[in-house]
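Each residue of the sequence shown is one higher than the one before, starting from 63 at the first, in the working numbering. Positions of the beta carbon are idealized from the N, C-alpha and C atoms, including for glycine. A quick write-up on the structure given underneath.
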Amino acid sequence: MTGQPGGRARHRSPERASSSRRPLRSLWAGTAIVAGAVTVALVATGGTYALWNSAVAPTAVTVASGTAGLSVGGVKALDTSALGPGGATAGTFSATNTGSVALAMRVSAGTTTASASALPGELTVTLAAVTKSADCVVGVGGYSARPSTFDTGSGYFTLPAGVTVTGCVVVTLDSDVPATLQNQTSSIGLVLTGTQVAP
């Protein structure tokens, strides 16, 4: 799932996830939580196929399923200093497809908490894939939404087997944030989900 008064947002990110939609261990790292989970829809079918002549024995066919796995690294280089109105902070994380099948990736809202309930409504999260960490800067293009409604939809990008992608997360505080939200904190949750791409 980039010293003035303003809200402080923290970021947590997961370590590992495998098949069966199991929640991942999360780490605190500044402004957003990138939690990881993986949904695996493996196709494993098999059976026997008979010729038109019922006297002929059918031939058994075995179809083997692939494996799917997703590993998400901790967010790096996120500025943990307080954000002022209109301020933003950016950080990167890595996601690796550790399985043998390609995964269609989706990044959606996870659990978001805040010391002031209005604070998440003043934050915007932007997600983009970058070639290298140095390309993750404030202002990078990508999918943007409020923390509570963040959802790239299924198949936002495809992660081939054995490939690692660098994700960039930018958290921006609205320029017109009310003064009553000074010195507040928020933890933003994002969930990474990978579903096997049909062959």
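Going by C-alpha to C-alpha distance, which of the options sits closest to residue i?
| i | options | result |
| --- | --- | --- |
| valine 202 | Val225, Gly153, Ala157 and Ala241 | Gly153 |
| serine 216 | Thr242, Phe155 and Val253 | Val253 |
| alanine 144 | Asp197, Thr160 and Thr234 | Thr234 |
| alanine 260 | Gly183, Gly136, Ala157 and Ser162 | Ser162 |
| valine 134 | Thr193, Thr160 and Asp197 | Thr160 |
| valine 146 | Gln244, Gly251 and Ser249 | Reading off the sequence shown, one finds glycine at residue 146, where the question assumed valine. Answer by Cα proximity: Gln244. |
| leucine 132 | Gly251, Thr220, Asp238 and Ala241 | Thr220 |
| threonine 264 | Ala207, Phe155, Asp213 and Thr151 | Lying before the first or after the last residue shown, residue 264 is absent from the chain, which here runs from 63 to 261. |
| glycine 204 | Ala190, Gly136 and Ile250 | Ala190 |
Count the other C-beta atoms from every protein chain shown that fall within 10 angstroms of the C-beta of residue i, then say buried if there are 16 or more, exposed otherwise.
| i | result |
| --- | --- |
| threonine 188 | buried |
| valine 199 | exposed |
| arginine 74 | Only weak support exists for where arginine 74 lies, its pLDDT of 45 falling under 50; the value from the coordinates is given anyway. It is buried - the Cβ of arginine 74 has at least 16 other Cβ atoms within 10 Å. |
| serine 179 | exposed |
| glycine 256 | buried |
Would you kindly check if the distance between the Cβ of residue j and the Cβ of residue i is under 8 Å?
| i | j | result |
| --- | --- | --- |
| proline 222 | leucine 185 | no |
| threonine 129 | threonine 226 | no |
| proline 182 | threonine 174 | yes |
| serine 237 | alanine 176 | no |
| serine 206 | lysine 138 | no |
| alanine 171 | aspartate 213 | yes |
How about residue i: is its Cβ closer than 7 Å to a heavy atom in the ligand FAD?
| i | result |
| --- | --- |
| threonine 214 | Questions concerning the ligand FAD fall outside what the structure shown contains, since it holds no ligand whatsoever. |
Over the uninterrupted beta strand (DSSP E) stretch that includes residue i, give me the two end residues.
| i | result |
| --- | --- |
| leucine 235 | 226 to 235 |
| arginine 168 | 165 to 171 |
| tyrosine 218 | Run containing tyrosine 218: none; DSSP gives neither H nor E here. |
Please confirm if the stretch 230 to 237 is in contact with the stretch 161 to 180, defined as three or more CB-CB distances below 8 Å between the two stretches.
no
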